[in-house]
Amino acid sequence: MAPTPVPIPLFAQAQRDLLLKEHEAEKLSSALAASSTNTVSPATRRTLQASGYALTGIILSQCRTGMGGRVVGEFEPDAAVLSSVDGEGGDGQPRLAAHGIRVGDVVRVLEIASGKKPGKESKDGSKPGSSSNGAEGVVTKVSEKGLSVAFGQSGGGGSNSKAEEEVVDDLWGKKLWLVKLANDVTHRRLNQTMEKMEKMTESDHTYFMRVLFGHQTPSSPDYDSIGQLDFIDPTLNDSQKEAIRFALASKEISLIHGPPGTGKTHTLIELILQLTRRNKRILVCGPSNISVDNIVERLTPHKVPIVRVGHPARLLPSVLSQSLEVLTQTSDAAEIVRDVRKEIDQKQASIRKTRNGRERREIYGDLKELRKEFRQRESKCVDNLVTGSKVVLATLHGAGGYQLKTQKFDVVIIDEASQALEAQCWIPLLSAPRAVLAGDHLQLPPTIKSTNMKTKEKSENKKPKNTESENSPALKGITLEKTMFDRLLDLHGPSIKRMLTTQYRMHEKIMRFPSDELYEGKLMAADAVKERLLKDLPYGVEDNDDTREPVVFIDTQGGDFPEKTEDEDATKKSSLLGESKSNEMEAALAVRHVEGLIDAGVKAEDIAVVTPYNAQVALISQSLKEKYPGIEIGSVDGFQGREKEAIVVSLVRSNEKHEVGFLGEKRRLNVAMTRPKRHLCVCGDSETISKGSKFLKHWMDFLEEHADLRYPDASELL
């Protein structure tokens, strides 16, 4: 049956409606964080930080000039407020407390009030809580020892009339904290892209676009055009080679399906190198800085001219040396901006040396002019660098920046495409004639906040909008969660896809269930990994019941390990954890198992505890983090794309009604069970879990038959 073509303008209109709802939900979810008042209590600040919305206990340590002539403030931990848990690293350097602030987040930096009463005016006549008491910007760099924020042009919604220098100047010598805001810039760029597609006439639609919306069928792969392939990497397996051949031979679109541990990035590196050999110009994108930096790191040794647009998330020299920010300071082309940058930095330093109001005003005026000149010169420098590069790398959002506006590419490669919103993918794809999407649609899609608001909306008596897009059968099932990867598979079927089948991460027993249940039984464990256990780790681990077992199932069935809803806790300080679930007895089991592994000699940094619920993350962290700072404890969603030697999964749900909540999402469970290399320990109530879905029932049956099954005694934990 031929696929139903999707009307492009209606699709774009539907996406704009969905994106607006998502942006509203994002603003709502950070309502507490968006508060700019300086009178927020220390307890609320800590709760905001624990929920990923804030970072407290910082000071401004340095200012410099960043891309676009923006003021970049560098912040470090305030040694005066460090707790014993955060403390110092092995090198004696102060470390930031645990937080959820990431590169690309829009934040407001605020002073922590010291005994000021609400409503008291500051020297400039403003009241605490007015926008002039905070500086808004975008996080450009995060490390354990500090973070950087580029101020101005953040789109964070502030109405600050002061110059950037003045706002940042107000922060010197003060105790500070920062809060995450809804990102208007990202929303605006996504909306502009969809608006552009909505306004296109039929004659504007390229053949490539028509294929991606089902108005044309994809051309047959032209294998003759690629001839005999001379592979650069001798370690590639047959499924990786076939995926590369297919991507090179496809004329419009190809999907590379990479299940966990199958070397998807490895395959993309070979594909990029093969395309550059064919003199193709490539734009490589991913939804996050990490996904892009990972490719930069692996491409660098191959000496291909590459440039990384945007700010690398990690401070690795191999990534930094290719970043546009560094190249505009170190390349030959950088000479035209270097002297202006130096003058800006000197003038900025002189501000703090004068307290004379008139002199300061003059310096601010000079800086404004210098920044304008800097931007003009830098723009020319950036253009020269990008144009001279065969491979350009950027986040999907970053591909819409001024640096790439006039650039043309032969192929766009999108990594982690199954974790990206479709609207994000169209930012680089609108000017492309050909694309390769790589990802795994059987792992978690992007997180959508507005999904949680749907039930609330249904209960409200609103008159439904009778839009043309809602009545179109071709648009049925179009949601933000439906990624382009998913939609293209539904539209054109498996003929546009090649799957990687050899996995290099998991012991064969850990791999077996996800392979049989989700990947048609096609996954094979590479010889080097299929039988490796914790007892075989190269640093001397005891051989015992835990370290020689690849899969352990601690089954709490029987009701002695009941879950608790966070809202039931009378001591709860905030609704930020929402109705998150926890399970104290199950947490104690997970902690005991971790301690057993560490006692046997497994290093804490080789172990992670993952759980679907944030309240359970907080509970387990209280027991383990101080004792074993190297261990990672996090949500399943946050651990996607990661791996550890040993993973302990706490499923939490245990109730008489046999409700499993969002454990019923098999993609979430797929992520949880495919993170470990040598050891997977699952803690959960098989009685509750098995009633949740057919997938969960099959998993519980598999664990009961193939795992080392253990029944804990609740009295031992009391």
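Per this note's numbering: the sequence shown = residues 949 to 1666. Yeah, the Cβ is synthetic: ideal placement off N, Cα and C, and Gly gets one too. In this text the structure is predicted, and so the values were computed from the model without any measurement.
Per DSSP, reduced to three states, the secondary structure at K1089 is strand. Of all alpha-carbon atoms in D1388, Y1452, L1466 and E1591, the one lying nearest the alpha-carbon of M1432 is that of D1388. With fewer than 16 neighbouring CB atoms inside 10 Å of its own CB, S1663 falls in the exposed class. Residue pairing by DSSP places F1023 opposite L1008 and L1095 in a beta bridge. The beta carbons of L967 and H1135 sit about 7 Å from each other, so the pair counts as a contact at 8 Å. If the five residues before and after V1360 are omitted, its C-beta is found closer than 7 Å to the C-beta atoms of L1231, C1233, P1376, L1377, A1380 and A1383, all from its own chain and listed in chain order.
In the structure shown, the three-state DSSP call for P957 is helix. If you look at F1643, you'll find it in the alpha helix (DSSP H) that goes K1642 to H1654.
Taking C-alpha positions only, H1214 is separated from M1621 by approximately 22 Å. The beta carbons of L1567 and I1555 sit no closer together than 9 Å. Secondary structure at G1162: coil, using DSSP grouped into helix, strand and coil. With a cutoff of 9 Å on beta-carbon distance, T1004 and W1120 are scored as not near each other. Residue state for S1663 is assigned as helix, using DSSP reduced to three classes. By the Cβ-count criterion, S1091 is exposed, with fewer than 16 other Cβ atoms from all chains shown falling within 10 Å of its own Cβ.
The Cβ atoms of H1047 and Q1010 lie no closer than 9 Å to each other. One thing to note: V1020 has its Cβ no nearer than 9 Å to the Cβ of N1237. Pairing E1364 with R1435 gives a Cβ-Cβ distance that is not under 9 Å. Ranked by how close their Cα comes to the Cα of L1617, the residues P1169, G1632 and N1603 have G1632 in first place.
Here E1468 carries a coil assignment [DSSP, helix/strand/coil].
In this structure, the beta-carbon distance from V1057 to G1085 falls below 9 Å. Between the stretch 1174-1185 and the stretch 1155-1166 there are fewer than three C-beta pairs closer than 8 Å, too few to call the two in contact. DSSP places D1438 within a helical segment (H, G or I) once states are collapsed to three. Within the same chain, S1202, L1203, I1204, H1205 and L1437 come within 8 Å of K1445 by CB-CB distance, once the 5 residues on both sides are set aside.
Contact annotation: A1098 and R1018 have beta-carbon atoms nearer than 9 Å.
In this structure K1529 touches T1513 by the C-beta definition: roughly 6 Å separates them, less than 8 Å. Judged by DSSP secondary structure, L1423 falls outside any beta strand (DSSP E); it is assigned neither H nor E. Under the three-state reduction of DSSP output, D965 falls in the helix class. Counted as a single uninterrupted DSSP element, the alpha helix (DSSP H) harbouring A1371 occupies residues E1370 to L1377. Sorting Q1140, E1022 and K1290 by C-alpha distance to the C-alpha of T1088 places E1022 at the top. Close CB contacts of G1211 within its chain, under the 7 Å cut and outside five residues either way in sequence, are with Q1188, L1448 and Y1452 (chain order). Annotation for R1309: no beta strand (DSSP E) segment contains it, though the alpha helix (DSSP H) segment containing it runs G1305 to T1335. Annotated three-state conformation of H1153 is coil, per DSSP.
The continuous beta strand (DSSP E) containing G1632 extends over residues P1624 to G1632. Under the 10 Å beta carbon count, T1395 is surrounded by fewer than 16 other beta carbons and is classified as exposed.
Of the candidates P1660, G1640 and L1628, L1628 places its Cα closest to the Cα of L1651.
Looking at the DSSP output, F1501 bridges to V1630 and L1657.
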